[in-house]
Amino acid sequence: MECVYCFLGFLLLAARLPLDAAKRFHDVLSNERPSGYMREHNQLNGWSSDENDWNEKLYPVWKRGDPRWKNSWKGGRVQAVLTSDSPALVGSTMTFVVSLVFPRCQKEDANGNIVYETNCRNDTGPSPDPFVYNWTAWTEDDDWGNDSSQGHHNVFPDGKPFPRPPGWKKRNFVYVFHTLGQYFQRLGRCSVRVSINTTNVPLGPQLMEVTVYRRHGRAYCPIAKVKDVYVVTDRIPIFVTMSQKNDRNSSDETFLRDLPIVFNVLIHDPSHFLIESSINYKWNFGDNTGLFVSNNSTLNHTYVLNGTFSLNLTVQAAVPGPCPTPSPRPLTPTPALLPDGDNPLQLRDVPDENCRINRYGYFKATIEIVDGILEVNIIKMTDVLMPVPQPDDSVVDFVVTCEGTIPTEVCTVISDPTCRITQSTVCDPVDVDVGELCLLTVRRAFSGSGTYCMNLTLGDEASLALTSTLVSVPGRDPASPLRIANGVLFSVGCLTIVVTVIALLVYKKHKDYRPIENSTGIVVKGKRLNVFLNRAKAVFSRGNQEKDPLLKNHPGTL
Numbered sequence: 155m156e157c158v159y160c161f162l163g164f165l166l167l168a169a170r171l172p173l174d175a176a177k178r179f180h181d182v183l184s185n186e187r188p189s190g191y192m193r194e195h196n197q198l199n200g201w202s203s204d205e206n207d208w209n210e211k212l213y214p215v216w217k218r219g220d221p222r223w224k225n226s227w228k229g230g231r232v233q234a235v236l237t238s239d240s241p242a243l244v245g246s247t248m249t250f251v252v253s254l255v256f257p258r259c260q261k262e263d264a265n266g267n268i269v270y271e272t273n274c275r276n277d278t279g280p281s282p283d284p285f286v287y288n289w290t291a292w293t294e295d296d297d298w299g300n301d302s303s304q305g306h307h308n309v310f311p312d313g314k315p316f317p318r319p320p321g322w323k324k325r326n327f328v329y330v331f332h333t334l335g336q337y338f339q340r341l342g343r344c345s346v347r348v349s350i351n352t353t354n355v356p357l358g359p360q361l362m363e364v365t366v367y368r369r370h371g372r373a374y375c376p377i378a379k380v381k382d383v384y385v386v387t388d389r390i391p392i393f394v395t396m397s398q399k400n401d402r403n404s405s406d407e408t409f410l411r412d413l414p415i416v417f418n419v420l421i422h423d424p425s426h427f428l429i430e431s432s433i434n435y436k437w438n439f440g441d442n443t444g445l446f447v448s449n450n451s452t453l454n455h456t457y458v459l460n461g462t463f464s465l466n467l468t469v470q471a472a473v474p475g476p477c478p479t480p481s482p483r484p485l486t487p488t489p490a491l492l493p494d495g496d497n498p499l500q501l502r503d504v505p506d507e508n509c510r511i512n513r514y515g516y517f518k519a520t521i522e523i524v525d526g527i528l529e530v531n532i533i534k535m536t537d538v539l540m541p542v543p544q545p546d547d548s549v550v551d552f553v554v555t556c557e558g559t560i561p562t563e564v565c566t567v568i569s570d571p572t573c574r575i576t577q578s579t580v581c582d583p584v585d586v587d588v589g590e591l592c593l594l595t596v597r598r599a600f601s602g603s604g605t606y607c608m609n610l611t612l613g614d615e616a617s618l619a620l621t622s623t624l625v626s627v628p629g630r631d632p633a634s635p636l637r638i639a640n641g642v643l644f645s646v647g648c649l650t651i652v653v654t655v656i657a658l659l660v661y662k663k664h665k666d667y668r669p670i671e672n673s674t675g676i677v678v679k680g681k682r683l684n685v686f687l688n689r690a691k692a693v694f695s696r697g698n699q700e701k702d703p704l705l706k707n708h709p710g711t712l
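Under this note's numbering, the first residue of the sequence shown carries the number 155, and numbering increases by one thereafter.
And the structure:
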C-alpha cells in the first residue's frame with residue numbers, strides 16, 4: 155500500500171512541475187505586487203491580467219545582477235526614462251512616455267536601425283561598421299515579415315501577434331507596461347506613448363513598471379527596466395501663480411500695499427477632461443473684503459493695509475460621472491390602459507444621459523503685505539558741461555522722482571536703441587538725504603553720440619520700480635558746446651552791428667517826417683529781429699531762469 159501512495163505522489167509531483175516551471179507575467183514584471191492583485195480592482199480598458207503565461211523561450215527573463223545584462227547592448231547599457239502627466243483627476247486620461255537613451259555616439263535612424271553618429275568619438279574610437287544593429291538586413295535575410303513566420307517570433311510575450319500597420323518593420327523594441335496586476339504590450343521605436351483612462355484606477359499613488367526588449371535574431375533580449383509612481387486624485391489639480399508690478403521677489407509671497415496683485419489659476423488637465431465643464435473660482439483674500447466668485451481663471455486684488463493675510467481659493471467644476479441608480483417607481487396605470495410605446499417598463503430600458511458630478515480643487519497661501527516703491531519717473535534730463543571735456547563721453551543728469559518708500563539703491567542699464575544689447579550696467583547706493591519727497595539726480599556717462607535705451611530702477615528690500623527712456627546724445631564735433639555758444643553770440647553781435655548801420659543809412663537818406671503807418675516794413679523787420687534776439691538770449695540764459703519748483707529742493711546727485 156505504501157508503494158501505491160508513493161507512486162501516486164510521484165505522479166502528482168510530475169504533473170505539477172510544468173505548472174511551476176511556467177512563468178507568468180507577475181513573476182517577470184514585478185516583485186512588489188502579490189499574485190491575484192487585479193482581482194481587487196477593475197479591469198483597465200485594453201489591458202490583460204498578469205496571471206497569463208509568459209513566453210520565456212522568446213523573451214528570456216534576467217534577474218537583477220545577472221551578468222548577461224552587461225552584454226545586452228553593444229557599446230554600453232541602454233537606459234529607459236519613464237515620465238507621465240501625473241497627477242490626474244479620476245475619470246481623465248493619463249499618458250505615459252518611455253524614451254530610450256543609447257550609449258554615447260549611438261542613435262536610431264529613419265529605418266529604425268541603430269547607427270553610430272558621424273563625427274562623434276567615444277572611448278572605443280571610430281567603428282568601421284556604421285551600424286550598431288542593422289535590423290533591416292536581419293529582417294530581409296530571415297524573411298521576418300512572411301506570413302509563414304507569423305506564429306514564431308512576430309509575437310508578444312503572451313503569444314499575441316504583432317499588429318502590422320504601415321512601417322511596423324521599423325519598430326524593433328517591445329515594451330511591456332505593468333500596473334495594478336495588469337499589463338499592456340506595445341511594439342515601438344526608441345520612444346513610445348501609452349494612455350490609460352483613470353476611471354477604474356484607485357485613488358492615491360500607484361506604481362507603473364516597464365520592461366523593454368530588443369530584437370535578437372529570432373528572439374528578443376531584455377535591455378532595460380524602469381518604474382515610476384503616478385497619482386490619481388478626486389481633487390482638481392490646480393496651481394496658482396501670484397505676480398505684482400514692482401514686487402522684488404514673488405516667490406517669497408511678500409507683496410506691496412496699494413498695488414494690484416495678479417492671481418492666475420492653472421488647472422493641470424493635459425487630457426482636456428474639463429474642456430466642456432463649467433468652472434467657478436471662489437476667492438477669499440482674508441482682508442474682510444468678502445467672497446469673490448468668478449468664472450475667469452485670472453483675478454486682480456489690491457490690499458490696502460499692511461499685515462499677514464490668509465488666502466483661500468476653491469475651484470468647482472462639473473465633470474462626467476456615474477449616474478445614480480434610479481429608485482423603482484410604482485406602476486399605477488395598467489399596461490392594458492396605455493397605448494403602444496407608453497409602457498413604463500419600456501422607459502426603464504432607455505439608457506440615461508451622461509450624468510455630471512462636482513469636483514473641487516483647493517489652494518491656500520499666507521501672504522505678507524508691506525510698503526514699497528510704487529512708481530518712478532524721470533522728469534528732467536540735462537547735459538553736463540564738464541570742466542575738463544572728455545573726448546568720447548557725454549555726461550547727462552537725470553532728475554528722478556518716486557512714490558512710496560525711499561529707495562536704497564539705484565541701477566541703470568544702458569543699451570542700444572532696441573533695448574536688447576546691453577552696453578553698461580551701473581548700480582549705486584542711495585546714501586543722500588532725499589527727504590520726505592523722493593527726488594534725486596542720477597548722473598550717467600554715455601560713450602559717444604547716438605541714441606541709447608536706458609532702464610532705471612529704484613529698489614529697496616521688498617520692491618523694485620522700473621522706468622525706461624530713450625536718450626539722444628548729440629555729437630561734440632566739430633566744435634564743443636562752449637565753442638558753439640561763443641560762435642552764436644559772435645554771429646548775433648555782428649548781425650546787430652549790420653542792422654544798426656543799415657538803419658543809419660536809411661535815416662540819412664530819408665530825413666523827412668513820415669507817418670508810422672507808412673513804415674510798416676521796417677517795423678516788421680524790427681519785430682523779427684527782436685524775436686530772434688530774445689530767443690537767442692533764452693538759449694544761453696535758460697539755466698538762470700529755471701522755474702521748476704522741484705529743483706528748489708536741490709536733489710542729491712548719484
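Don't be surprised by glycine CBs; every beta carbon is placed ideally from N, CA and C.
Requested in this report: Determine which residues share a DSSP beta bridge with N779 and list them.
Outcome: Because the chain is modelled from 155 through 712, residue 779 falls outside the range shown and cannot be assessed.
Query - Buried versus exposed, by CB contacts within 10 Å (16 or more), E363 - result: E363 counts as buried, since no fewer than 16 other beta carbons sit within 10 angstroms of its beta carbon.
Query raised in the report: Heavy atom of the ligand FAD less than 8 angstroms from the Cβ of N403, yes or no?
Result: This structure simply doesn't include the ligand FAD, nor any ligand for that matter.
**Report entry** Unbroken stretches of the beta strand (DSSP E), 3 residues or longer, contained in the segment 204 to 267
**Finding:** Complete beta strand (DSSP E) runs here, min 3: 233 to 238, 247 to 255 and 260 to 262.
Requested in this report: Give a yes or no on whether the minimum CB-CB distance between W292 and chain D is below 9 angstroms.
Outcome: Checking the listed chains, one finds no chain D in this structure; it contains a single protein chain.
Query raised in the report: Ends of the beta strand (DSSP E) at F316?
Result: Where F316 is concerned, there is no enclosing beta strand (DSSP E), given that its DSSP letter is neither H nor E.
**Report entry** For L445, three-class secondary structure by DSSP
**Finding:** Collapsing the DSSP output to three states places L445 in a strand.
Query - Beta-carbon spacing of Q336, S202 below 9 angstroms - result: Result yes, Cβ atoms of Q336 and S202 sit closer than 9 angstroms.
Query raised in the report: Roughly how many angstroms lie between the CA atoms of L712 and S425, to the nearest whole one?
Result: Answer to the nearest angstrom: the Cα atoms are 56 angstroms apart.
Requested in this report: Provide the residue span of the beta strand (DSSP E) that contains L183, from first to last.
Outcome: L183 -> not in any beta strand (DSSP E); alpha helix (DSSP H) instead, spanning F179 to L183.
Report task. Classify E407 as buried or exposed, calling it buried when 16 or more other Cβ atoms lie within 10 Å of its own Cβ. Result -> E407 should be labelled exposed.
Query raised in the report: Since E563 is in the beta strand (DSSP E), which residue starts that stretch and which ends it?
Result: Where E563 is concerned, the enclosing beta strand (DSSP E) stretches over E563 to S569.
**Report entry** DSSP beta-bridge partners of I523
**Finding:** Paired residues: F409 and G461.
Query - Buried versus exposed, by CB contacts within 10 Å (16 or more), S464 - result: By the Cβ neighbour-count rule, S464 is exposed, with fewer than 16 other Cβ atoms within 10 Å of its own.
Query raised in the report: Just checking my contact of P391 with T456 at CB under 8 angstroms: how many whole Å lie between their CB atoms?
Result: Contact between P391 and T456 fails: their C-beta atoms lie close to 28 angstroms from each other, not under 8 angstroms.
Query - Every unbroken beta strand (DSSP E) within the segment 336 to 363, with a cutoff of 3 residues, ordered by chain - result: Counting only runs of 3 or more, we get 336 to 342 and 345 to 351.
Query - Residues that DSSP places opposite R368 in a beta bridge - result: F327 and C375.
Query raised in the report: What number of angstroms, rounded off, separates the C-alpha of V383 from the C-alpha of P257?
Result: Answer to the nearest angstrom: the Cα atoms are 26 angstroms apart.
Requested in this report: Pull up the CB-CB distance for D582 and V564, whole angstroms please, since I reckon it's below 8 angstroms.
Outcome: At roughly 6 angstroms, the Cβ-Cβ gap stays under 8 angstroms, so D582 and V564 are in contact.
Query raised in the report: Which of helix, strand or coil does DSSP assign to A291?
Result: A291: helix per DSSP, three-state reduction.
Query raised in the report: In the DSSP assignment, what residue or residues form a beta bridge with C607?
Result: Residue pairing by DSSP puts C607 in a beta bridge opposite S569 and L624.
Query raised in the report: Nearest CA to the CA of K328: which residue from V309, P541 and I521?
Result: Checking the sequence shown, residue 328 turns out to be Val, not Lys. It is V309 whose Cα lies nearest to the Cα of V328.
Query raised in the report: Quick one: Cα of V182 to Cα of G266, how far?
Result: G266 has its alpha-carbon roughly 27 angstroms from the corresponding atom of V182.
Query - Residues of its chain near Q577, where Cβ-Cβ distance is below 8 angstroms and the 5 sequence neighbours each way are ignored - result: Sequence-distant partners of Q577 (beyond 5 residues in either direction) whose C-beta falls short of 8 angstroms from its own C-beta, in its chain, are I568, S569, D570, S601 and Y606.
**Report entry** Contact the segment 369 to 381 vs the segment 219 to 231: 3+ CB pairs below 8 angstroms
**Finding:** Taking 8 angstroms as the limit for Cβ pairs, the verdict is that the segment 219 to 231 does touch the segment 369 to 381.
**Report entry** C-alpha distance - A519 paired with R411, whole-angstrom precision
**Finding:** R411 has its alpha-carbon roughly 17 angstroms from the corresponding atom of A519.
Report task. Kindly identify the DSSP beta-bridge partner or partners of N308. Result -> Answer is none; N308 lacks a bridge partner.
Query raised in the report: Are L610 and I532 close, meaning C-beta to C-beta below 9 angstroms?
Result: Yes, the pair counts as a contact, with Cβ atoms nearer than the cut-off.
Query raised in the report: Is S425 helix, strand or coil by DSSP?
Result: Coil.
Report task. Would you mind giving the Cβ-Cβ distance between I523 and P561, rounded to the nearest angstrom? I have them listed as a contact below 8 angstroms. Result -> Taking 8 angstroms as the upper bound for CB-CB distance, I523 and P561 are not in contact here, some 19 angstroms apart.
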